[in-house]
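Below is one structure; the comments refer to it alone.
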Amino acid sequence: MPKCKNSQTLPSHFGLVSRRDFLKFCGVAAAAMGLPLSMGAKIAEAVAALKRPPVIWLSGQECTGCTETLLRSTHPTVESLILDLISLDYHEALSTPSGHLAEEAKKKAIAANKGKFILVVEGAIPMKDNGIYCQIGGRTMLDILKETAPLAMGIVAIGSCASWGGIPSSGPNPTGAVGAAEALGGKFKVINIPGCPPNPYNFLSTVLYILTFKKLPDLDNQGRPRFAYRRLIHEGCERRPHFDAGRFALEYDDEGHRRGWCLYKLGCKGPETYNNCPAILFGNVGARSWPVGTGCPCFGCSEKGVGFTAPIAAQASLVHFSTTGTPFKGEERVGGGRLCLTPPQTFPPIHPPEGHGPSAATVGVLSGLTGVALGAGAITATKLGKKETESDDKAGKE
Ligand code: FSX
Ligand code: SF4
Ligand code: F3S
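The structure is reproduced here in structure tokens:
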């Protein structure tokens, strides 16, 4: 756990979360942001000293999975942290009042926090026929968003629907669904946290970053925080050694699938999807708790033009991924920057009959090391947190 000189000045609890767990979480968040673990303590101190920023949460065309993912997350009770770090002044699904009372509560919350609140948008915004396909309290989501955005301090689009249209925008997109940035005509800077649902740690880390450093995190050319979306799923995937060795599951529940081989031929979109799922994992429901870890190909939920667009079983484009050793130019990469993959000279062709090319073990060691290095910070931090929690529990501390 990161040491914090002034940790005693922190409150003993943040709602349901103990000071100890809060510090651990901030350490994990620091690692996820690519910062040294020791920054976790600084983040904790900075955030603890702040007044909770008001948040107005609007919902458009969506399944409420983005809210669910925040509320169902566990270790260390991310939902408690979120609800303690921000003042959730209006949220359609979580507000106690409904109908006119809810509308009244929203108006009051916006008027009382003009220029100071963070606007979180969940869900897509239909543009066709003046937005009539999503109405709340008799008004279109489009109008509500256009009216609310100029009054906000900052705008966060949570989930793929709010980022670029997500499920509602998939072909033939009958309602003309788009993300928040596009609905606002590109006039506002919107932080996109895509994923269907997105990882709650990415949302919380973004909030922590803004609160701590008083500025937006570095964003890629799709408005996503680079700290979370700068690498392809394929770069940190634990099945990567099998891809490099040409070992693929060909059907669900075949021998290759049961042995944990690469899911590329089952339609895995890891080679064209940017996200930190292999490093941060999902839901803390057990080891390797992320789609590919459970045997399900990544379907590119966080990538515009891939998730809900490319056929599920279609093989991913390898355009982001050179097997020839030719370096990509930064601008060719969606998220920007250069790829840093397994040394290309170790690659066999990707469709060799089994037994040809370098052995899985040889390539596995090399590419496994790359994957380990990529996710090491976050994974180590997560494990550290868990181990310490376990031993703390045994010792009966806090
Ligand atoms: Fe979309 Fe979020 Fe997917 Fe669902 O609300 S990103 S459909 S998980 O819930 O907006
Ligand atoms: Fe992992 Fe998918 Fe890449 Fe295979 S194709 S290594 S399963 S991300
Ligand atoms: Fe989505 Fe693929 Fe991650 S489907 S959750 S981006 S592994």
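Here our numbering is used: the first residue of the sequence shown is 60, the next is one more, and so on.
Virtual Cβ for every residue (Gly too), placed ideally from N, Cα, C.
Extent of the continuous alpha helix (DSSP H) to which residue i belongs
{"i": "leucine 288", "result": "For the record, residue 288 in the displayed sequence is tyrosine; it is not leucine. Run containing tyrosine 288: 285–288, per the alpha helix (DSSP H) assignment."}
{"i": "asparagine 261", "result": "259–272"}
{"i": "valine 106", "result": "98–107"}
{"i": "arginine 79", "result": "78–91"}
{"i": "leucine 160", "result": "158–171"}
{"i": "cysteine 125", "result": "124–130"}
Environment of residue i [buried if 16+ CB atoms lie within 10 Å]
{"i": "glutamate 206", "result": "exposed"}
{"i": "histidine 159", "result": "exposed"}
{"i": "glycine 384", "result": "Here the model assigns glycine 384 a pLDDT of 42, short of 50, so the residue's position is not dependable, and the following value carries that caveat. With fewer than 16 Cβ atoms within 10 Å of its Cβ, glycine 384 is classed as exposed."}
{"i": "tyrosine 311", "result": "exposed"}
{"i": "lysine 363", "result": "buried"}
{"i": "threonine 234", "result": "buried"}
{"i": "phenylalanine 262", "result": "buried"}
{"i": "lysine 248", "result": "exposed"}
{"i": "phenylalanine 272", "result": "exposed"}
{"i": "serine 97", "result": "exposed"}
{"i": "asparagine 251", "result": "buried"}
{"i": "alanine 477", "result": "For residue 477 there is no data in the structure shown, the boundaries of the chain being 60 and 457."}
{"i": "cysteine 399", "result": "With a pLDDT of 46 at cysteine 399, under the threshold of 50, the predicted position of this residue should be treated as unreliable, though the coordinate-derived value follows. Label assigned to cysteine 399: exposed."}
{"i": "leucine 325", "result": "buried"}
{"i": "cysteine 355", "result": "exposed"}
{"i": "proline 412", "result": "Because proline 412 sits at a pLDDT of 47, beneath the cut-off of 50, its placement in the model cannot be relied upon, and the following sentence gives the value as read from the coordinates. That one is exposed."}
{"i": "alanine 183", "result": "buried"}
{"i": "glycine 245", "result": "exposed"}
{"i": "aspartate 188", "result": "exposed"}
{"i": "glycine 190", "result": "buried"}
{"i": "glutamate 314", "result": "exposed"}
{"i": "lysine 175", "result": "exposed"}
{"i": "lysine 166", "result": "exposed"}
{"i": "lysine 83", "result": "buried"}
{"i": "threonine 353", "result": "exposed"}
{"i": "lysine 173", "result": "exposed"}
{"i": "alanine 108", "result": "exposed"}
{"i": "proline 95", "result": "exposed"}
{"i": "proline 370", "result": "exposed"}
Beta-bridge partners of residue i, as assigned by DSSP
{"i": "alanine 236", "result": "Pro185"}
{"i": "histidine 150", "result": "Trp116"}
{"i": "cysteine 321", "result": "Phe307"}
{"i": "valine 215", "result": "Val179, Ile250"}
{"i": "tyrosine 333", "result": "Leu291"}
{"i": "leucine 278", "result": "Pro284"}
{"i": "isoleucine 195", "result": "Arg198"}
Residue i: first and last residue of the uninterrupted beta strand (DSSP E) it sits in
{"i": "tryptophan 116", "result": "113–118"}
{"i": "glutamate 315", "result": "Sequence inspection shows glycine at residue 315; the glutamate mentioned does not correspond to that position. No beta strand (DSSP E) holds glycine 315; the alpha helix (DSSP H) holding it covers 314–317."}
Check: residue i C-beta below 7 angstroms from any heavy atom of the ligand SF4
{"i": "leucine 322", "result": "yes"}
{"i": "cysteine 357", "result": "yes"}
{"i": "phenylalanine 302", "result": "yes"}
{"i": "proline 257", "result": "no"}
{"i": "arginine 285", "result": "no"}
{"i": "isoleucine 292", "result": "yes"}
{"i": "proline 330", "result": "yes"}
{"i": "arginine 298", "result": "yes"}
{"i": "cysteine 85", "result": "no"}
{"i": "cysteine 327", "result": "yes"}
Any non-hydrogen atom of the ligand FSX closer than 7 angstroms to residue i Cβ
{"i": "threonine 368", "result": "no"}
{"i": "alanine 221", "result": "yes"}
{"i": "cysteine 122", "result": "yes"}
{"i": "glutamate 241", "result": "no"}
{"i": "glutamate 181", "result": "yes"}
{"i": "isoleucine 226", "result": "yes"}
{"i": "alanine 125", "result": "In the sequence on display, residue 125 carries cysteine and not alanine. Checking the Cβ of cysteine 125 against the ligand FSX gives yes."}
{"i": "glycine 218", "result": "yes"}
Proximity test, residue i beta-carbon vs the ligand F3S heavy atom, cut-off 7 angstroms
{"i": "proline 350", "result": "yes"}
{"i": "glycine 254", "result": "yes"}
{"i": "serine 361", "result": "yes"}
{"i": "asparagine 334", "result": "yes"}
Residue-level contact to chain C via CB, residue i, 8 angstroms cutoff
{"i": "threonine 368", "result": "Protein chains in the displayed structure number just one, and chain C is not present."}
**Study point:** alpha helix (DSSP H) runs wholly inside the region 342–370, at least 4 long, in chain order
**Key:** none
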